[in-house]
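Report on the structure given below.
Numbering (our numbering), first residue to last: 8 to 82.
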């Protein structure tokens, strides 16, 4: 699944205003989420398109990461 960029990763640390990081495309943003999942999983991460419209919700990211962990454990 590739979306033309830029794509934004938004998250919120406890009590802070949302933070945002911009990536060239969706694949790069998803790679960043996967690499930082231990921290991001508790900070309501979301992925937004170039117009800052929600592409992937926090719940979808959680489901994806849980699925990836299950596949890693099985294989």
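Glycine included, C-beta positions come from ideal geometry on N, C-alpha and C.
From residue 64 to residue 53, what distance separates their C-alpha atoms?
In the chain shown, counting from the first residue as 1, residue 64 sits at position 57. In the chain shown, counting from the first residue as 1, residue 53 sits at position 46. Between residue 64 and residue 53, the C-alpha separation is close to 5 Å.
How big is the Cα-Cα spacing for residue 28 and residue 62?
Locating residue 28 in the chain shown gives position 21, counting from the first residue. Locating residue 62 in the chain shown gives position 55, counting from the first residue. Using only the alpha carbons, I get a separation of about 15 Å.
Give the straight-line distance between the Cα atoms of residue 55 and residue 32, rounded to the nearest whole angstrom.
On the chain shown, position 48 is the one that residue 55 refers to. On the chain shown, position 25 is the one that residue 32 refers to. Going from the Cα of residue 55 to the Cα of residue 32 covers about 11 Å.
Check for me: the beta strand (DSSP E) holding residue 7 runs from which residue to which?
What the structure shows of the chain is the stretch from 8 to 82, and residue 7 is not part of that stretch, so it cannot be assessed.
How big is the Cα-Cα spacing for residue 67 and residue 24?
If you number the chain shown from 1, residue 67 lands on position 60. If you number the chain shown from 1, residue 24 lands on position 17. Rounded to whole angstroms, residue 67 to residue 24 spans 22 Å at the Cα level.
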